[in-house]
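Chains P and W are the protein sequences, given in the same order.
So in numbering that gives the first Met the number 0, spot 62 of the first sequence is number 61, and the numbers just go up one at a time.
So in numbering that gives the first Met the number 0, spot 12 of the second sequence is number 11, and the numbers just go up one at a time.
Beta carbons: idealized from backbone N, C-alpha and C, even for Gly.
There are 2 protein chains.
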Amino acid sequence: MKVILFLLFIATGAAEAGAKINCLSWRIAVETNNIRDWKTVPAQCKSYVSEYMTSQQYRDDCNAVVIAAIEYAKSLNISKEGKDLWVFNIDETTLSNVPYYSRPQVGFGATKSSGKKFESWIKEGKSPAVPGVLLLYKILLDLGIKPIFITDTKEEFRQLRIANLKKAGYHSWFKFICKGKNDSELYTEHKGNWKTQKRAELVKAGYRLVGNLGGWDDIIVDFLLRTFKMPNPMYYF
Amino acid sequence: MKVILFLLFIATGAAEAGAKINCLSWRIAVETNNIRDWKTVPAQCKSYVSEYMTSQQYRDDCNAVVIAAIEYAKSLNISKEGKDLWVFNIDETTLSNVPYYSRPQVGFGATKSSGKKFESWIKEGKSPAVPGVLLLYKILLDLGIKPIFITDTKEEFRQLRIANLKKAGYHSWFKFICKGKNDSELYTEHKGNWKTQKRAELVKAGYRLVGNLGGWDDIIVDFLLRTFKMPNPMYYF
């Protein structure tokens, strides 16, 4: 009965007030898509997330994903016609916003994010590469798999983002797809989101998507495609 | 370059021999389905996994999933016709095999599992409930959602498993579906595995599946259904 009360205590949100949250459990539940539709990191886990995102653990977690992706990419039979593509997301996938999140007025996902603050960070063009991902990118190019970027970045920031990607070490790609004004935020059952539609167009045009690295909004409707999810407990799409 | 060499060192399996694996990174990569098709826990992570599976962290991780599932279940509009079902897997979902995995000859997933050894454990009928899941089960019954079990357990063990479920506190359910001789191990693109087919039959018969708690093999083809994955770094389907 004690366990039941404790669980319900947490479930009703009373945990914020008193009971202690296990922040590693929270993080894993987020990573596995068990906890969804959350808006901010629980106040109690703010320090945990800030320490995690700047820790060797985060870098090791990224590397574990990268290693799995490299092993998989090396196992593929790549066509010689250059029709094999690998889909990359940008934020917290190829480029890191950790320096932005670490600013006191942003607070590592525990403060509700402001579009304007984030846009001014994007304009600075200073995002570094996410640990390990540049290695995956280079290995894919060596294997003859063409990278493509599909990002929620607005069209108006296309050139800024491209400059930032190059500065971080990502030098060539097949396509760079930004989110246009008519691309919907909405996720549709069966059809997925606008990113799913862009991927479907590529398949229709004769390309083979062999891998996809991103967050939950990038991978959730992909079944036929092997997907990889980057660690990122700071926001939910 | 140092990073590249280190990563490749791990990627080629040389890590087993020398380099240290970050076992938490390995566990998260398994939980997020980034590392797939693995057969045994890496030798270096055997103690880590044995400590984890018997720790408060594992119980907290289970509880985090259960809390998310309860919150979701409470948000549903349940029909009065008793047509709403919740799918439960058994092993490491409703019943725990931790006492079995903890036996020296089994070694918490680091030793290749033997079907015979596992079957003799099933015959003992001593699996306890997985932490927190009994609470979810009771709340679902209270809400008018009927539990159903879909399990890889062979038909010949049906009665043993039912007795074990009752002993562990799971007293009533709508259906208990075991794996028959003709149910295939194979996972088919688009159509999923035999469990997907059993779920589709229920939907065709007019039931509404409102939730599904299990491992990757239970949840991977479900998009229209909200899914929950239990923590379990001990084996991969």
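Contact list for residue i against chain P, beta-carbon separation under 8 Å
i        : result
W/Ser24  : Gln56, Asp59, Asp60, Asn62 and Ala63
W/Lys228 : Thr31, Asn32 and Asn33
W/Asn163 : Neighbours of W/Asn163 on chain P: none; closest Cβ ~21 Å, over 8 Å.
W/Asn96  : Chain P residues near W/Asn96: none, gap ~20 Å exceeds 8 Å.
Chain-ordered neighbours of residue i on chain W, where CB pairs are closer than 7 Å
i       : result
P/Ala28 : Ala63, Val64 and Ala67
Residue i (DSSP reduced to helix, strand or coil)
i        : result
P/Leu159 : helix
W/Asn211 : strand
W/Asp36  : coil
P/Ile219 : coil
W/Ala28  : helix
W/Val97  : helix
P/Val65  : helix
P/Asp60  : helix
P/Thr53  : coil
W/Lys228 : strand
P/Asp134 : The residue asked about is misnamed: residue 134 of chain P is Leu in this sequence, not Asp. Three-state result, P/Leu134: helix.
P/Ala128 : strand
P/Trp193 : helix
W/Ala18  : coil
W/Val48  : helix
P/Phe87  : strand
P/Asp182 : coil
W/Phe173 : coil
W/Lys115 : helix
P/Lys165 : helix
P/Lys122 : helix
W/Lys73  : helix
W/Lys82  : coil
Where residue i meets chain P, residues with beta-carbon distance less than 7 Å
i       : result
W/Asn88 : Those within 7 Å of W/Asn88 in chain P number zero; the least Cβ separation is about 14 Å.
Assumed close pair residue i, residue j - CB separation to whole angstroms, cut-off 8 Å
i        : j        : result
P/Asn88  : P/Ile149 : 7 Å
P/Glu30  : P/Pro230 : 6 Å
P/Ile144 : P/Ile77  : 6 Å
P/Tyr169 : P/Thr93  : 6 Å
W/Leu84  : W/Arg207 : 7 Å
W/Val202 : W/Leu135 : Not really, about 22 Å apart at Cβ, beyond 8 Å.
P/Trp25  : W/Ala63  : 6 Å
P/Thr39  : P/Ala109 : 6 Å
P/Asp59  : W/Asn21  : 4 Å
P/Arg198 : P/Val86  : 6 Å
W/Trp193 : W/Lys180 : Incorrect: roughly 11 Å between the Cβ atoms, too far for contact.
W/Ser126 : W/Ala167 : 7 Å
W/Ala28  : P/Ala67  : 6 Å
Residue-level contact to chain W via CB, residue i, 8 Å cutoff
i        : result
P/Phe21  : Checking the sequence shown, residue 21 of chain P turns out to be Asn, not Phe. So yes, P/Asn21 belongs to the interface.
P/Thr195 : no
Short of 7 Å Cβ to Cβ, which residues in the region 31-53 of chain W face chain P? Thr31, Asn33 and Ile34
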